[in-house]
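Chemist: Let me begin by handing over the structure; questions about it come next.
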Amino acid sequence: MESENRTFCTQSLAFKHSNNSSLSPLHAIRVLRDDFFVDITRDTPPDFLEAMRFNQKELFLYGLDCAGDADKEGVLSLREKDKLFRRPNYVQRWFRLKGNILFYLKTSDKDSIPYGAFILERCKVRIDPSNERKHAFLLLFEDGSAVEQHSFCCSSDKDRDEWTSTLKRSSYEELRSSMATLRQKLFTMTGKDPLTSEYPYCPDVSVNREKKLSSMNAVVDVVDGGQEVDNYTATILELSLSCSGLSLPASAALSTYAEVSILTPPESTWLKHTETDVVKDSITPHYSPNITFYTGMISMITRLQVRIFCLSSWNLKPILLGSAHFNINEIITAALQSVTRELRLDSDTVKGYVTVQAWKTVSPPSRRRFSSPIPETLPVVEDKGMKRSKTEKIGGVVTNDKGTKALFRGLFSNSISRHYVFQTKKGPAQLKVCEVMGESLYNWTVPKQLINLFVREEQERIDDLKELSHLNSEWDSIRNEIQQEHVDVVTYYKDLSVDLDQYKESTFKQSKAKASQTLQLVATNLHVQRLQVVDDTDQDKTCIYDIVTIGAPAAHSLKFKQGGLKRIFNSSRDGKGWSLIESDSRTREVKHFLEASARLKARIDDAIKTLISAASQCSVPTMNDAMSVLREKIDELKTLCETPLVSSAVETAIGIIDGRTIGGRDTEPNEWVWDGQNFIRAAMDCNLFCQNVHELCMSVESKVDALSQLRHGITDSWHDHLSEHTQRIAAEVQLIVKHVKTCLQLLLLQEEKAWKQAGYSCGLHGPTHRRDVILSQAVSGIVTCFMLHIRGRLFDVHFLQQLSQIGFLAHWESLLSTHGDEMGMLEDFCVAIEELNKTVTFSFSQCDDAQAMPFINGCRSSLQIAVPLPPDRFRLLPQDFQKGRLVRLCVVPFSQGVNEEQSLSDTFGDNSLHEFINSRSLNRLVTYFEQYRDLLSLHSPRVSREIPTIDKLLQRLRQSIDSKKNKNIEILSLSAEACRKMNGGRLTSCKSAKDRTSMSVTLTQAQILLKEHNLHPDLFEQVIDQMRSDGTRLLNAEKNVGEKKYAFNGLQVRVLPKSFRPPEGTYRTLQT
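For the sequence shown, the numbering used here gives the first residue as 1, with consecutive numbering after it.
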């Protein structure tokens, strides 16, 4: 009989004559191939599915011939789409169930012809809960997170129950499960396997548990820097395969692949597990992806069969080259978890050698989402190749490994790791690579501390406004209105803090929650991405490279209707020349002045106390030292009061108070000042106040000199000679500071009034609120980056010297476009980076708790972050750091859009913001490089060797920026490499740090392997694809959206730069 063959790749099969054109993917089917039955599942390689074919006519005839011999048949109503209008409706058809195939006929007549069929594998039968139709049930076909649903309707509940019961028992999976249960019971009763070797392997059969090692515990993993992670898919073992000395037939091309099968006694049939990708042009291939085993697949007595195939040069037909056999227990207990076997085609012919390397694994995290119990499985496989390293090289600097791991603990949690072995261009040498992704522990603690700091600052502002009493009615009304706005901010932030307390165990904010009001101050998708590399050429060194991935700091909860904060500041001008950015700058200046004056007053008071104490003890040296400090601080106060800001504030105060109260006393045209003997009225001028204090100080100094010279002739107490004058100094300083503070508070009130007149709130939803949001997110990222660097480099004297003299360098990469809402995000991002450079500094403190969190102090305009270190590590710091020296930041952002929105902006929009960011950051980076070269080139041989390389990188970077090419990702690569060579940190952002960020991170990791570790150039693109398809970043996408696919469609992938494109099968299909 002549038949027509078609690819069998649908679950709902429509025959050729059918008008039904909607086909759905096949998930599982039992197929006859090579004279034996195999199970085709979602793990079956795509090329196998493409090769599957079915005979349409025979299947059609089978649907006819099984009439009268079917397991069940009858009339059902199937929900279909109307042919003309494509509206769903229920159509009555005759259904016929035979085995695991459910045929449906063209009409409800049992003698009509077959119209289509369902393959009942990977299928669930459920009662329809919607009550849309009576007596209805559903067939659900699952593919990962996607579910395909078919609805059926019966004539009665009894009929429905009969159909659902029969359908549940019809699948091959259900039969295999039943067989496994019976087989286990017989095996337990008799001690013998009741089935012969002709039956396919049943993975659910339990092996005698006494044969399993008692050390088989639940799989957890503690990666350097992380905490224990529960397993939900229980990845228990990864194996890498490589060959050497392959002997290929003359007719074969230089292309090979490996096929892996497993056998667990008492089974006697090999079960194909997987096969690798084809490796071309190599007789020493390393195969990818790694061979992964999950819970229940293997045990310690499982055997592995590795078969190597080569491809015919003329028709690409696979030719078996040879096979090798291994035992799981043997691999795991080997010295380096590595075993090599001869590759034999028969007992006499050796075709080469096969090496199997085992890796310790950890499965995807999120114990909040997956809470299934941890199964009993294999013991943890120790990666001894890495564990035996005596030193670690972190970001290019080798440091002693002793005690380093304890420092990294408490930095990130819920870690996932993936392991690879890559070939180098140095012959047989290999790179052992471990890729780790973990959640930053600072993602919640930093916002919580900042909220408390914001509340404290707002409360201080409220108290200051309350002190401005006795204003005229107009200004008093303004004061009350503004005061209420600050009260609302305090209430709002306190409620926000309570809401955050509900997430005490959280360290991760999903991308879909980026616009959440409750989590607005929490960074989106903040992770640490770590690359750990061991090179066979130098087994004593482990190189570690860290990248912090974070959703771009942006106020998603406040929307982007008016753009981002940069646009808001730059566009806010009135006809009188007032601008929001200038007003904000003046407000910051006022707050800095208030802090400085408060510090000076405290130091003057301390100096006075020291002076009086020394006078009571008649200690001349201490008196002279205290007097010197007092004179110096009074001079500083005088200089501070002579600034134009104070003069402006006094003028503003005179205009506002209009004869009312200032400084707590009555003010008229004159004010109280000290003339040396009594208080007199004088003009309201701070310079006069300071002059009086200066004269009082000179009077005290003359008395100190006199006491020093006549100390033997004075009989009464020295304290009495100085007490009166020092009290007058303290009172006058307090008067000055209070006077200046009141004037400055009135100046702030005037600025806040101008904000309101321009249409901006001083509180919620205003520029300050927006800045709080982006600052909190940015600080979380930079704290994570700094902590990773400092804990890994405490033994590096040159790095600590670099921190002390020129600050911490951080490269922050942005992949946002300059179109639509992303333009607003980029504008927020710009301001966030500037805030970090202006306001954030780091210091070090000693703490016995190695897991203590950094402590944030200060105010919005000056954040000081204290980094706790154990005593033994704190003593490693230079003395200036131990005494409280601050580390300033040099964050250099580089920006380049890569998506379809950037394509629109390149054609119709404006890319000037990208150019502005990159040009300014380049100038800042060049300045930092010059300081770095001058500081370390003479003291560090490594730095002196790399100075010419960095110089060339910066020259190429300038040329690349000046070229103004569209989607020029070379800017990002060159700037990142230059910063890395100067011991800089690295952060990468896009809108949600999920898709574009993953492309950038994997590209960077592959570039590091190529440039720093001699990765074979021919493997570069393969390494990128493997990290994108099998690495941790695809799991990051799953954590965020519940699907192991990047959120690109086919069109979006085509407009990405070539090096940013994900492999086929890792992104969604084209959507219209």
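For glycine and all other residues, C-beta sits at the position ideal for the given N, C-alpha and C. If you're wondering where the values come from, they're calculated on a predicted model, not measured in any experiment.
#1: Less than 9 Å separating the beta-carbons of residue 917 and residue 895?
#2: For the ligand SAH, is there a heavy atom less than 8 Å away from the beta-carbon of residue 285?
#3: With a threshold of 16 other CB atoms inside 10 Å of the CB of residue 4, please say whether the residue is buried or exposed.
#4: Use the C-beta contact count for residue 1126: other C-beta atoms within 10 angstroms, 16 or more gives buried, fewer gives exposed.
#5: Measuring straight from C-alpha to C-alpha, what distance separates residue 767 and residue 912?
#6: Tell me where the beta strand (DSSP E) around residue 121 begins and ends.
#7: Per DSSP, what are the beta-bridge partners of residue 437 in this structure?
#8: Under the rule that 16 or more other beta-carbon atoms within 10 Å means buried, what is residue 393, buried or exposed?
#9: Provide the residue(s) that pair with residue 91 in DSSP beta bridges, ordered along the chain.
#10: With DSSP collapsed to three states, give me the class of residue 1008.
#11: Taking C-beta to C-beta, are residue 854 and residue 549 nearer than 9 Å?
#12: Smallest Cα separation from residue 849: which of 923, 908, 860 and 870?
#13: Give the secondary structure of residue 388 by DSSP, where H, G and I count as helix, E and B as strand, and everything else as coil.
#14: Looking only at its own chain, which residues have a Cβ that is under 8 Å from the Cβ of residue 977, when we skip the five neighbours before and after it?
#15: Take residue 587 and list the residues in its own chain whose beta-carbon comes closer than 7 Å to its own, dropping the five residues that flank it on each side.
#16: Taking the alpha-carbon of residue 505 as reference, which of 263, 442 and 326 has the nearest alpha-carbon?
#17: I need the DSSP call for residue 754, collapsed to helix, strand or coil.
#18: Within the region 923-974, note down every full beta strand (DSSP E) run reaching 3 residues or more, in order along the chain.
#19: Ordered along the chain, which non-local residues of its own chain (more than five positions away) have a Cβ less than 6 Å from that of residue 96?
#20: Just reading off the beta strand (DSSP E) that residue 271 is part of, what are its end residues?
#21: Among the residues of its own chain, which have a CB less than 8 Å from the CB of residue 284, if the five just before and after it don't count?
#22: Taking 9 Å as the cut-off, decide whether the C-beta atoms of residue 1057 and residue 1046 are in contact.
#23: In its own chain, which residues sit with a C-beta less than 7 Å from the C-beta of residue 385, not counting the 5 before and 5 after it?
#24: What is the DSSP secondary structure of residue 781, counted as helix, strand or coil?
#25: With DSSP run on the structure shown, which of helix, strand or coil describes residue 259?
#26: Need the endpoints of the alpha helix (DSSP H) that residue 803 sits in, please.
#27: Go ahead and pull the three-state DSSP assignment for residue 978.
#28: From residue 1053 to residue 760, what distance separates their C-alpha atoms?
#29: CB-CB under 6 Å to residue 570, same chain, minus the five flanking residues each way: which ones, in chain order?
#30: Which runs of the alpha helix (DSSP H) fall wholly inside the region 135-193 and span at least 4 residues, in chain order?
#31: Using the three-state DSSP reduction, which class does residue 764 fall into: helix, strand or coil?
#32: Between which two residues does the beta strand (DSSP E) containing residue 358 stretch?
#33: For residue 549, list the residues DSSP reports as bridge partners.
#34: Quick check on residue 68: does DSSP put it in helix, strand or coil?
#35: Nearest to residue 641 by CA position, among 733, 76, 272 and 627, is which residue?
#36: By DSSP's criteria, residue 513 is part of a beta bridge. Which residues make up the other side?
Modeler: To lay it out plainly:
#1: The answer is yes: Cβ separation under 9 Å.
#2: Among the ligands in the structure shown, none appear at all, so the ligand SAH cannot be discussed.
#3: Low local confidence applies: a pLDDT of 37 at residue 4 is under 50, so the model's placement there is unreliable, with the coordinate-based value given in what follows. Of the other Cβ atoms in all chains shown, fewer than 16 fall within 10 Å of the Cβ of residue 4; this residue is therefore exposed.
#4: Outside the modelled stretch of the chain, which goes from 1 to 1072, sits residue 1126, for which no answer is possible.
#5: For residue 767 and residue 912, the distance between alpha carbons rounds to 23 Å.
#6: Element bounds for residue 121: n/a, residue is neither H nor E.
#7: According to DSSP, which records beta bridges pairwise, residue 437 is partnered with 416 and 529.
#8: Unreliable placement is indicated for residue 393, whose pLDDT of 42 sits below 50; no coordinate value is reported for it.
#9: Per DSSP, 78.
#10: DSSP, reduced to helix, strand and coil, places residue 1008 within a helical segment of the structure shown.
#11: In this structure, residue 854 lies away from residue 549, with their beta-carbon atoms at least 9 Å apart.
#12: Selected option, being the one with the closest Cα: 870.
#13: Residue confidence for residue 388 is low, a pLDDT of 31 falling below 50, so the modelled location carries little weight; the figure read from the coordinates is stated next. Coil.
#14: So the list reads 953, 1007 and 1011, once near-sequence residues are dropped.
#15: Excluding positions up to five away in sequence, the list reads 748 and 751.
#16: The residue with the shortest Cα to Cα distance from residue 505 is 442.
#17: It is helical.
#18: Counting only runs of 3 or more, we get nothing.
#19: Once the five neighbours on either side are set aside, the close Cβ partners of residue 96 are 70, 73 and 103.
#20: It spans 271-275 - the beta strand (DSSP E) in which residue 271 sits, taken as one unbroken run.
#21: So the qualifying residues of the chain are 242, 243, 244, 245, 246, 423 and 428.
#22: No; because the gap between Cβ atoms is not below 9 Å, this pair is not in contact.
#23: Model confidence at residue 385 stands at a pLDDT of 34, short of 50, so the residue's coordinates are unreliable and nothing is read from them.
#24: Note: residue 781 maps to helix in three-state DSSP.
#25: Three-state DSSP puts residue 259 in a strand.
#26: That run of the alpha helix (DSSP H) goes 797-806.
#27: The three-state secondary structure of residue 978, taken from DSSP, is helix.
#28: The straight-line gap from Cα to Cα measures roughly 41 Å.
#29: Cβ within range, chain order: n/a, list empty.
#30: Entirely contained in the region 135-193, the alpha helix (DSSP H) runs reaching 4 residues are, in chain order, 157-168 and 172-190.
#31: Three-state DSSP puts residue 764 in coil, outside helix and strand.
#32: Here the beta strand (DSSP E) through residue 358 covers 350-359.
#33: Bridge partners of residue 549: 527 and 988.
#34: In the structure shown, residue 68 falls within a coil segment according to DSSP collapsed to helix, strand and coil.
#35: Scanning 733, 76, 272 and 627 for the CA closest to the CA of residue 641 turns up 733.
#36: Under DSSP, residue 513 takes part in no beta bridge, so it has no partner.
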